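Right, one structure below, let's go through it.
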Amino acid sequence: ETTTGGNALKFYASVRLDVRSIQSIKGNTNDPLVAAKDEDSSVIGKKTKVKVVKNKVAPPLKVATFDIMYGEGISRTGELVELGTQLEIIQKSGSWYSYKDSRLGQGAENVKKLFMDNPELADEVETLIRERLGMKATVEA
């Protein structure tokens, strides 16, 4: 790997991040700027992996993976689905996701859309995630 900007940047920077695109997220969208001719195959975001290469103020070599959606940024609902599944708040069976005794949908993108359409459900799941992680239960916007 060659760092752009010469050798000085390697020593001068306090934090250096390695940002990589893992895969494209495809689906249909209502945004005419993003929509392709075939709506089912239009790219609506990227799954991204970020690795801390250098950090003078905290431990280095940490890795984070998240969805970056075009026109939205880092997907809050995507994080709810991923963390909820990891913490077993949301159950995953094959490609189906369920919460408590009700099915949320098939595939992570459908569950993300459900959370966007039902913010009360998303807030309920987020509160449970925050409680499980020992964070403040209320969300301040």
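Residue numbers (our numbering): 826 to 966.
Every residue, glycine too, gets a C-beta built ideally from N, C-alpha and C.
These figures come from a predicted structure and were not determined experimentally.
Between the region 921 to 932 and the region 889 to 903 there are fewer than three C-beta pairs closer than 8 Å, too few to call the two in contact. Put simply, of 867, 898, 872 and 914 the residue whose alpha carbon is nearest the alpha carbon of residue 950 is 914. The continuous beta strand (DSSP E) containing residue 870 extends over residues 868 to 880. If you keep only unbroken beta strand (DSSP E) runs of at least 3 residues inside the region 874 to 950, you get 888 to 894, 915 to 918, 921 to 924 and 927 to 931. The C-alpha of residue 828 lies about 41 Å from the C-alpha of residue 953. DSSP places residue 961 in no alpha helix (DSSP H); its state is neither H nor E. Going by DSSP, residue 833 is part of the alpha helix (DSSP H) stretching over 833 to 837. Taking a contact as a CB-CB distance under 8 Å, the pair residue 880 and residue 867 does not count as one, their CB atoms being some 36 Å apart.
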